[in-house]
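Printed below as a string of structure tokens:
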């Protein structure tokens, strides 16, 4: 759904990942008020939606109204607010919008530019009757794709669930080249659905697709087909992706009154010494060699070294040290029986189930290495691979799990973590949506995340985010593992290719052409 939205919808402006500079989009220009809290956007005139209806400031105001409406839960409501207070978005005239923030919001331009604008003329009635989130579903995409209208580069031509989605150029897309030819150049873009990442990579490696992100474990064999199938694999260096394991520290109960986590296990998970011991027990170098074939870097916090602007190199590290892990466990009241099995103070065996998604082979292999690492310090880990939808339901709705393994793409501004790191965040996975911070260190992160939003002094803002990273590395609510190197494969026949170090490789897809 996210990739389809990026094809069909557009924002007021964007960012050139080659230069990291803001570039105009639906807004041709903007002004920042002297108070640094008032922004005026001048929209392009004469733009139409993919169904031919005119685009105006009403659509921008409508989009933010949808985002902030409590009937329609979404991550943006938190990301685009300060101290829980939303931005005030007003229409000045048909092509001018004023946005006022309740306080200084440092990443405003980079964040707001990326909001995908929705068509008021299509969705207003569903906003009014409360069924907005039920619209533009699989049935609509399959049977009436033209009903899904956007301002982006493409529109949906056809959709066969589980098979493929075909995009065609949006005939009303606003961009044109220097000769006046309307973009995109390409006639069709076909996105095929495959059972897993390996199948997708195999299709690319045998010439059946044009572009693909290549995972580190597949680089060597895929490269053998470069000449035969006319493609090139580009080494983009360290990626911004993170991978981590966490324990369910949610102290609540389900609707039947049963604790989400067995109380004695919750006690383990809430002990920072237990979490640190697990981190010391992970052989990250082994994961890099055995799973990523040497193409990766250990990770100790939320940022990858690839994000040079925001990466804090001075974090608490956890090099592989089973003896250190054992010492911490002993200090926390654990002991071992004659068979080397770890027991808690109540003589209960230390065992937990680790959930992750089955569609990601690298994650599955990392989970297998983790299981073996834990066995070496007496901890039993049972692996459970779930389809992604089931996994997300468990970690965000039912909370019926003990531990999880996941990853974030990362690489952006710290504001992207506003639904993750503050204690009231819905994606504060280890204990989400807290009414008040459960621990002093979580309260400190709350304070720092608000401060980094409200300062325009980049050095000071970096200092706040560096401290958040430091706390995360010391308290290890997320046990960060590794970041893989990034590789992109692309057929040689395409021109106007610009592959950035960070971000998607097809960011300028509308400019691709064949010789």
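Numbering (our numbering), first residue to last: 3 to 517. Cβ atoms here follow ideal geometry from the backbone N, Cα and C, with glycine treated the same way.
The ligand GDP heavy atom lying under 8 Å from the CB of residue i
i	result
residue 182	Because no ligand of any kind appears in the structure shown, any question about the ligand GDP cannot be addressed here.
Integer-rounded CB distance, given that residue j should sit under 8 Å from residue i
i	j	result
residue 482	residue 356	Actually they do not touch by this definition, with Cβ atoms about 15 Å apart.
residue 352	residue 270	7 Å
residue 157	residue 172	5 Å
residue 456	residue 108	7 Å
residue 403	residue 350	19 Å between Cβ atoms; not a contact.
residue 252	residue 263	7 Å
residue 442	residue 379	No, residue 442 and residue 379 are not in contact; Cβ-Cβ is about 29 Å, not under 8 Å.
residue 347	residue 295	Residue 347 to residue 295, Cβ: 42 Å. No contact.
residue 85	residue 59	Not really, about 27 Å apart at Cβ, beyond 8 Å.
Contact under 9 Å by Cβ, residue i with residue j
i	j	result
residue 24	residue 17	yes
residue 250	residue 432	yes
residue 364	residue 218	yes
residue 69	residue 420	no
residue 279	residue 327	yes
residue 6	residue 167	yes
residue 220	residue 207	yes
residue 83	residue 56	no
residue 390	residue 360	yes
residue 508	residue 198	no
residue 444	residue 452	no
residue 424	residue 447	yes
residue 245	residue 485	yes
residue 283	residue 395	no
residue 358	residue 388	yes
residue 205	residue 194	yes
residue 247	residue 372	yes
residue 289	residue 174	no
residue 454	residue 314	no
Neighbour-count burial assignment, residue i, 16 or more Cβ in a 10 Å radius
i	result
residue 237	exposed
residue 408	buried
residue 467	buried
residue 145	exposed
residue 406	buried
residue 458	exposed
residue 75	exposed
residue 240	buried
residue 488	buried
residue 479	buried
residue 438	exposed
residue 94	exposed
residue 29	buried
residue 305	buried
residue 414	buried
residue 163	exposed
residue 8	buried
Residue i, DSSP secondary structure in three states
i	result
residue 123	helix
residue 102	strand
residue 520	This structure cannot speak to residue 520, because the chain is shown only from 3 to 517.
residue 93	strand
residue 134	helix
residue 475	helix
residue 111	helix
residue 237	strand
residue 52	coil
residue 34	strand
residue 330	helix
residue 193	strand
residue 428	coil
residue 368	helix
residue 439	coil
residue 403	coil
residue 396	helix
residue 310	coil
residue 146	coil
residue 39	coil
residue 455	helix
residue 509	coil
residue 421	coil
residue 65	helix
residue 538	The requested residue 538 does not occur in the structure, where the chain is confined to residues 3 to 517.
residue 496	strand
Three-pair Cβ contact test at 8 Å for the segment 487–499 versus the segment 510–517: yes
Contact between the segment 129–149 and the segment 98–110 (3+ Cβ pairs under 8 Å): no
At least 3 beta-carbon pairs within less than 8 Å: the segment 110–127 vs the segment 7–16: yes
The segment 325–339 contacting the segment 289–303, beta-carbon criterion three pairs below 8 Å: no
The segment 482–494 / the segment 220–237 touching (three or more Cβ pairs under 8 Å): yes
Cβ contact check for the segment 119–128 and the segment 150–170: 3 or more pairs under 8 Å: yes
Three CB pairs or more closer than 8 Å across the segment 37–49 and the segment 179–187: no
Three or more C-beta pairs below 8 Å linking the segment 383–390 and the segment 422–442: no
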